[in-house]
Amino acid sequence: DAKTTQPPSMDCAEGRAANLPCNHSTISGNEYVYWYRQIHSQGPQYIIHGLKNNETNEMASLIITEDRKSSTLILPHATLRDTAVYYCIVRLSNSGYALNFGKGTSLLVTP
Amino acid sequence: GAVVSQHPSRVICKSGTSVKIECRSLDFQATTMFWYRQFPKKSLMLMATSNEGSKATYEQGVEKDKFLINHASLTLSTLTVTSAHPEDSSFYICSAGWGSGNTIYFGEGSWLTVV
């Protein structure tokens, strides 16, 4: 799997958009970009994933650059409950492939 | 999303005993499940890939005789920590893939404390 690079930590004011960047310059053509988050002492929660096109769901938006070497996860209106470690992972879309976690970005949403 | 459930959520056992953690896919069938462990303030580390009806595949450095994995059905995988020691105390998490893109969903995790 391609490796990813994320900033170790970020702050965001409550109600503002949180934009979490991720670099994956060695991503291959058939690897997807997945985002998960982990709130303290819980299992990781799936947020969103994409291949080439931008994606949006009820939780977040995923913006993938045209060359696919980087992406940004956007939480449009961050709340205190969004405080968590966010992981950007690239992976082949096949049930036999595990997710390999890096260190992620620790997002702190402040009042 | 799909639901993966683990049991127990917390367990305390004595050093030298064995403890079993169950991972169930509640609303889908999972041919493959994955087991992770996580130490405090560290990231998740993949321990093994559990395949239904066959032997698990362990990551380098993970003792297969110590961490026994059984995946006897499409909805249940178990991790047994044998002859547990205090250094085995950790957060153990399982996951399984489902749906388009084979998105992986995680269980709630199981805290193991060996005293």
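Protein chains in written order, with the numbering used here: chain A, 7 to 117; chain B, -14 to 100.
Built from N, CA and C at the ideal position, the CB exists for glycine as well.
Checklist entry - When the cut-off is 8 Å and only beta carbons count, does Asn36/A lie next to chain B? => result no
Item to check | Residues, ordered as in the chain, of the region 12 to 28 of chain A that lie near chain B by beta-carbon distance below 9 Å | outcome: none
Next on the checklist: Spatial neighbours of Pro71/B within its chain, please: C-beta separation below 6 Å, excluding the five flanking residues on both sides.
Outcome noted: Val99
Checklist entry - Enumerated in chain order, which unbroken segments of the beta strand (DSSP E) with a length of 3 residues or greater are wholly contained in the region 12 to 36 of chain A? => result 15 to 19 and 24 to 29
Checklist entry - At a Cβ cut of 7 Å, what residues of the region 69 to 83 of chain B count as close to chain A, listed as they run along the chain? => result Ile78 and Gly82
Item to check | Any 3 or more C-beta pairs closer than 8 Å across the region 10 to 29 of chain A and the region 74 to 81 of chain A | outcome: yes
Checklist entry - Rounded to a whole number of angstroms, what is the C-alpha to C-alpha distance between Tyr40/A and Lys27/B? => result 20 Å
Item to check | Every unbroken beta strand (DSSP E) inside the region 13 to 93 of chain B [3 residues or more] | outcome: 17 to 23, 30 to 36, 52 to 58, 61 to 66, 75 to 83 and 88 to 91
Checklist entry - DSSP three-state call for Leu11/B: helix, strand or coil? => result In this structure, Leu11/B counts as coil in the three-state DSSP scheme.
Item to check | CB contact below 8 Å: Leu113/A versus chain B | outcome: no
Item to check | chain A within 8 Å of Gly94/B, Cβ atoms only | outcome: yes
Checklist entry - Between Ser3/B and chain A, is there a C-beta pair that is closer than 8 Å? => result no
Checklist entry - Does any heavy atom of the ligand MG sit closer than 7 Å to the C-beta of Met65/A? => result Absence of the ligand MG from the depicted structure is noted, as is the absence of any ligand whatsoever, leaving it without description.
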